[in-house]
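S.K.: Sharing a structure, written as structure tokens. Questions coming.
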Amino acid sequence: MKLALLSDIHANLQAFDACLADARARGATQIALLGDLVGYGADPVAVMQRVMTLAAGGAWVLKGNHDELACHPPEHLASHALGEITAGWTHAQLGNEQREFLDALPLTHQDGSTLLVHASVDSPARWHYVKDERSAAESLGAAAQTDASVRYVFGGHVHRQTLYFQGSGRGLMQFLPTPGTAIPVPSHRSWLATIGSVGQPRDGRTEAGYALFDRHAERLTFVRVPYDFHAAAAAIRAAGLPDFFADRLSKGE
Amino acid sequence: MKLLEPGATLDGFVIEACLHAGGMAHVYRVNYLAAGHHPGFLMAMKVPRMSTGDGAENLVGFEVETQILQSVSGPHVPRFVAAGDMTRMPYLVMEYIEGDPLQHWIDTARDTGVRPDALTIARLGEAVAKGAHSLHQQNVVHQDLKPANVVIRASGDAVLLDFGLSYHAHFPDLLAEEMRKAIGSPAWMAPEQVVGVRGDPRSDVFAIGVMLYELVTGELPFGAPQTSGGLRQRLWMDPTPPRALKADVPDWLQEIILRCLEPEAAQRYPSAAHLALDLGHPDQVLITARGTRLRGTPWTTHLKRWFKAAGKEYQPSPPPVEQIDQVPIVMVALPHRDVTDATLYSLRVAVNRALGSRPGARLACVTVISSSDTSSTDDSRSETRVYGQHLERQRQWVRGVDLAGRQVSHHVLESGDVAGALVNYARDNHVTVLVVGAATHGLKLQPFIATIPIKVAMEAPCTVILVKQALPFVQLASAGA
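Protein sequences, first through last, are from chains A and B.
Numbers 1 to 253, taken from our numbering, label the letters of the first sequence in order.
Numbers 254 to 734, taken from our numbering, label the letters of the second sequence in order.
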């Protein structure tokens with residue numbers, strides 16, 4: 001099985017389409033969407049149409065914190081958090097059927113030795129950021145407690161591509177992958193990867209990010225895909241959403 | 254895993270003979286079980302020697318070797334054939350390399366009391382350096398080069414074995430841990446490896462220096478320390494100069510060896526290709542005080558370095574490919590006759606540009622002459638004389654190049670096929686950029702016929718800069734008048 005792992009699409013239709021096309025070209029046989037399908041971006045309706053079609057075709061789809069927000073936007077924008085500003089707008093755009101689909105999504109999905117989650121397996125609904133070796137170990141540890149046969153935990157949420165692995169010492173080690181290289185991830189070890197963001201990369205590069213896991217060959221490839229971020233930014237401005245969300249796409253931050 | 258008997262079978266392979274029963278693994282000659290199925294080369298199977306209690310660390314190295322062997326290619330590594338499941342039955346099948354391990358030369362010298370001559374040692378070292386550079390170009394650092402891990406084929410080429418401690422810049426380093434520790438073989442390990450820095454190609458340059466030192470003197474420059482204090486000595490200590498042990502060691506060879514063994518990586522050859530170029534051209538080695546020194550470094554200097562080493566912070570190393578890209582070997586093809594000042598001027602401008610601001614770059618000037626240019630009967634065209642004239646012209650030309658202390662070497666090649674000779678030289682010496690004059694129309698005194706630059710551009714294994722010459726100065730003068 002070649003599993004395409006896409007996360008943090010954030011209603012960026014251009015990036016989503018580019019990654020899906022790339023994954024198909026690379027022979028992906030199973031699609032997994034790890035949450036934050038909407039929020040920030042200008043095309044929640046079109047993105048959700050694609051997501052629901054994919055789900056009907058067997059794709060695994062998880063809920064992220066922005067999906068939760070879009071289903072239940074805060075009534076008062078007390079904090080003026082940027083995510084909350086777009087949540088209300090997104091909520092209004094989506095149809096009932098789309099909202100119900102979003103709200104019913106699971107927080108995790110397990111398939112054999114592979115466990116998928118939006119943020120951290122350690123209390124998935126609290127959306128902990130897996131941003132260092134310690135938080136990665138907490139997520140991986142929680143996964144092992146759930147099911148000792150889990151070897152791979154894949155998540156999004158942090159918008160960065162990072163692989164955590166067991167070195168020769170006691171703790172986990174962090175590895176920054178080179179996009180496009182197939183990294184051996186043998187199943188007698190445990191691995192945790194944050195697979196990056198399709199719709200809003202934040203590592204200084206504009207290319208959309210996703211990952212491809214070849215479960216038979218036990219290799220994980222982090223992928224970056226160039227897409228038309230000018231069009232995605234223009235759509236955000238045209239929708240009347242804050243410029244900030246458009247600007248950051250052209251900087252990858 | 255207990256010893257397998259000849260005739261035993263494993264996953265479609267049949268054991269033919271045990272080649273080596275080491276502390277870490279057994280190595281067997283194997284063949285495919287199915288008749289008529291053969292890869293076209295001999296095969297060896299490596300099976301780790303696991304027993305309860307000593308398994309873990311041993312197996313990690315085996316896992317690393319399995320991963321890296323599958324990711325590298327070329328004539329300097331054994332070809333990968335198959336790997337067994339790590340948890341069920343770990344084994345590795347690869348090409349069996351025919352030849353002698355480098356250890357053979359060291360053993361023979363010890364047994365017979367006759368050491369190989371300097372040029373033989375240089376050829377061996379050049380072969381190993383070329384093999385190491387080929388790995389570095391694939392983003393791998395060997396980290397455990399030693400005479401037992403190098404096989405010299407009958408052709409003289411080196412094949413590097415045993416990637417159990419190697420480092421691949423694109424893979425998670427399974428041998429790394431949060432508390433850095435020394436990973437390598439004590440006698441050959443570079444100082445930065447002692448403090449746990451992995452992935453610097455210059456660590457392999459250091460190990461080659463240790464091997465050359467042993468070939469030359471019969472001794473190990475730093476012994477084979479068993480304690481971490483003993484290992485740390487090389488962070489500040491220079492070894493005894495080879496010439497102090499063996500008076501007949503040529504200065505160029507000592508220069509090369511001691512440059513490889515500099516405690517600070519930045520003082521060594523910046524890449525194995527640079528080292529190979531010097532080993533292949535002893536007459537071009539720039540000999541400094543290092544090459545002629547007969548006594549060890551004064552203790553006061555060692556004491557100062559000891560203090561410096563004690564407080565030194567070691568930075569992680571950039572990926573091998575990035576590092577060697579910063580230290581290019583720039584080759585310029587200088588036409589051997591009928592060349593205008595304008596052509597020479599344009600080549601100089603292009604070379605200055607190619608060298609750029611990189612302090613680690615080096616320049617190789619190459620002129621190809623045809624064999625009819627020299628004569629064994631006519632003294633005025635004797636080989637020595639003709640070569641001497643070309644080398645002198647090269648030296649004059651190079652005076653106008655902004656070298657800023659960078660190394661330059663001069664080479665005259667004799668061949669009927671100019672393009673072929675240039676391309677071969679570039680390939681043999683891992684040249685990074687080849688600067689060659691482009692044939693342009695309208696000039697009577699064209700140095701190359703038009704097809705040469707095209708052939709070079711198509712066949713060269715590196716970037717080629719085709720230089721269009723500026724207008725001949727005569728024309729510039731008349732245009733200005």
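Where is the CB? At the ideal position from N, CA and C, for every residue including glycine.
(1) Closer than 8 Å, Cβ to any Cβ of chain B: which residues of the region 167-181 of chain A, in chain order?
(2) Along the chain, where does the alpha helix (DSSP H) that runs through Gln-576(B) open and close?
(3) If we count the other Cβ atoms within 10 Å of its Cβ and call it buried at 16 or more, is Asp-594(B) buried or exposed?
(4) Applying the criterion that 16 or more other CB atoms from any shown protein chain within 10 Å of the CB defines a buried residue, is Ala-136(A) buried or exposed?
(5) Could you check what DSSP says for Leu-698(B) in three-state terms: helix, strand or coil?
(6) Run through DSSP, which three-state label would Lys-721(B) get?
(7) In the DSSP assignment, the alpha helix (DSSP H) including Met-298(B) goes from what residue to what residue?
(8) Would you call the CB atoms of Val-404(B) and Asp-457(B) closer than 9 Å?
(9) Leaving out five residues before and five after Ala-239(A) in sequence, what residues of the same chain have Cβ atoms less than 8 Å from its Cβ?
(10) Looking only at its own chain, which residues have a Cβ that is under 7 Å from the Cβ of Arg-521(B), when we skip the five neighbours before and after it?
(11) Measure the alpha-carbon distance for Thr-340(B) versus Phe-416(B) and round it to whole angstroms.
(12) Strictly under 9 Å for the Cβ-Cβ distance: is Asp-747(B) near chain A by that measure?
(13) Does the distance from the C-beta atom of Arg-546(B) to that of Ala-497(B) stay below 9 Å?
(14) In or out: Ser-326(B) buried (at least 16 other Cβ within 10 Å) or exposed?
(15) Is the Cβ of Val-313(B) closer than 9 Å to any Cβ of chain A?
(16) Between which residues of its own chain and Phe-245(A) is the CB-CB distance below 6 Å, once the five residues before and five after are set aside?
(17) Would you report the Cα separation of Ala-335(B) and Val-346(B), rounded to the nearest angstrom?
(18) Check for me: the beta strand (DSSP E) holding His-643(B) runs from which residue to which?
(19) If you run the structure through DSSP and keep just helix, strand and coil, what is Ala-385(B)?
(20) Could you tell me whether the region 351-368 of chain B touches the region 314-332 of chain B, where touching means 3 or more Cβ pairs closer than 8 Å?
(21) Out of curiosity, what's the CA-to-CA distance linking Leu-105(A) and Gly-27(A)?
(22) How about Glu-430(B): is its C-beta nearer than 9 Å to some C-beta of chain A?
(23) Counting only the same chain and skipping the five closest in sequence on each side, list residues whose C-beta sits under 6 Å from that of Leu-722(B).
(24) Quick one: give me the first and last residue of the beta strand (DSSP E) that Ile-461(B) is part of.
(25) Which of helix, strand or coil does DSSP assign to Met-442(B)?
(26) Going by DSSP, which residues form a beta bridge with Thr-282(B)?
(27) So what does Leu-413(B) bridge to, in DSSP terms?
(28) Since Phe-165(A) meets chain B, which of its residues come closer than 7 Å, beta carbon to beta carbon?
(29) Would you kindly work out how many angstroms separate the C-alpha atoms of Ile-718(B) and Ile-705(B), rounded to a whole number?
(30) Ala-92(A) and Tyr-210(A) look like a contact to me (Cβ under 8 Å); what is the Cβ gap, rounded to whole Å?
(31) Quick check: Val-709(B) and Val-689(B), are their CB atoms within less than 9 Å of each other?
(32) Give the interface partners of Gln-320(B) over in chain A, defined as CB-CB distance under 7 Å, in chain order.
(33) Which chain A residues sit within Cβ distance under 8 Å of Glu-316(B)?
(34) Roughly how many angstroms separate the alpha carbons of His-389(B) and Asp-631(B), rounded to a whole number?
(35) Verify whether the separation of the beta carbon atoms of Val-469(B) and Ala-586(B) is less than 9 Å.
(36) Measure the alpha-carbon distance for Leu-656(B) versus Ser-570(B) and round it to whole angstroms.
M.R.: With the structure as the only source:
(1) Taking a C-beta cut-off of 8 Å against chain B, the contacting residues of the region 167-181 of chain A are Gly-167, Ser-168, Gly-169, Arg-170, Gly-171, Met-173, Phe-175, Pro-177, Thr-178 and Thr-181, listed in chain order.
(2) Note, Gln-576(B): alpha helix (DSSP H), 573-578.
(3) Counting Cβ neighbours within 10 Å, Asp-594(B) comes out exposed, since fewer than 16 surround it.
(4) With 16 or more other Cβ atoms within 10 Å, it is buried.
(5) Low per-residue confidence applies at Leu-698(B): pLDDT is 44, beneath 50, and the placement is therefore not dependable enough to give any value.
(6) Of the three classes helix, strand and coil, the one that applies to Lys-721(B) here is coil, per DSSP.
(7) In the DSSP annotation of this structure, Met-298(B) is not part of any alpha helix (DSSP H); the continuous beta strand (DSSP E) holding it starts and ends at 296-301.
(8) No, the Cβ-Cβ distance between Val-404(B) and Asp-457(B) is not below 9 Å.
(9) Same-chain partners within the cutoff: Ala-42 and Trp-89.
(10) Within the same chain, Arg-455, Val-458, Phe-459, Arg-512, Cys-513 and Glu-515 come within 7 Å of Arg-521(B) by CB-CB distance, once the 5 residues on both sides are set aside.
(11) The alpha-carbon separation between Thr-340(B) and Phe-416(B) amounts to approximately 20 Å.
(12) The shown model of chain B, from 254 to 734, leaves out residue 747(B), and the question about it has no answer.
(13) Between Arg-546(B) and Ala-497(B), the C-beta spacing is below 9 Å.
(14) Counting the other CB atoms within 10 Å of its CB gives Ser-326(B) a total below 16, which places it among the exposed residues.
(15) At a cut-off of 9 Å between beta carbons, Val-313(B) contacts chain A.
(16) If we look at Phe-245(A) and ignore the five residues flanking it on each side, its Cβ neighbours are Tyr-40 and Ile-236.
(17) Taking the straight line from one Cα to the other gives about 5 Å.
(18) Boundaries around His-643(B) are those of the alpha helix (DSSP H), 636-651, since no beta strand (DSSP E) includes it.
(19) Three-state DSSP puts Ala-385(B) in a helix.
(20) Two segments are said to touch when three or more pairs of C-beta atoms, one from each, lie closer than 8 Å; by this definition the region 351-368 of chain B does not touch the region 314-332 of chain B.
(21) Approximately 26 Å between the Cα atoms of the pair.
(22) So, interface residue.
(23) Inspection of the sequence shows that residue 722(B) is occupied by Gln rather than by Leu. Correct list, in chain order: Ala-595, Thr-596 and Ser-599.
(24) Boundaries around Ile-461(B) are those of the alpha helix (DSSP H), 454-470, since no beta strand (DSSP E) includes it.
(25) Collapsing the DSSP output to three states places Met-442(B) in coil.
(26) In the sequence on display, residue 282(B) carries Arg and not Thr. Ala-270(B) and Ala-297(B).
(27) Looking at the DSSP output, Leu-413(B) sits in a beta bridge with Val-403(B).
(28) In chain order: Pro-425.
(29) Cα to Cα, the separation comes out at about 13 Å.
(30) Their Cβ separation, rounded to whole angstroms, is 29 Å, which puts Ala-92(A) and Tyr-210(A) out of contact at 8 Å.
(31) Yes, the Cβ-Cβ distance between Val-709(B) and Val-689(B) is below 9 Å.
(32) For Gln-320(B), the chain A residues whose C-beta falls within less than 7 Å of its own C-beta are Pro-184, listed in chain order.
(33) Ordered by position in chain A, the residues that pass the 8 Å Cβ test against Glu-316(B) are Pro-186.
(34) Going from the Cα of His-389(B) to the Cα of Asp-631(B) covers about 47 Å.
(35) Not in contact: Val-469(B) and Ala-586(B) (Cβ atoms no closer than 9 Å).
(36) Going by the C-alpha atoms only, they are around 27 Å apart.
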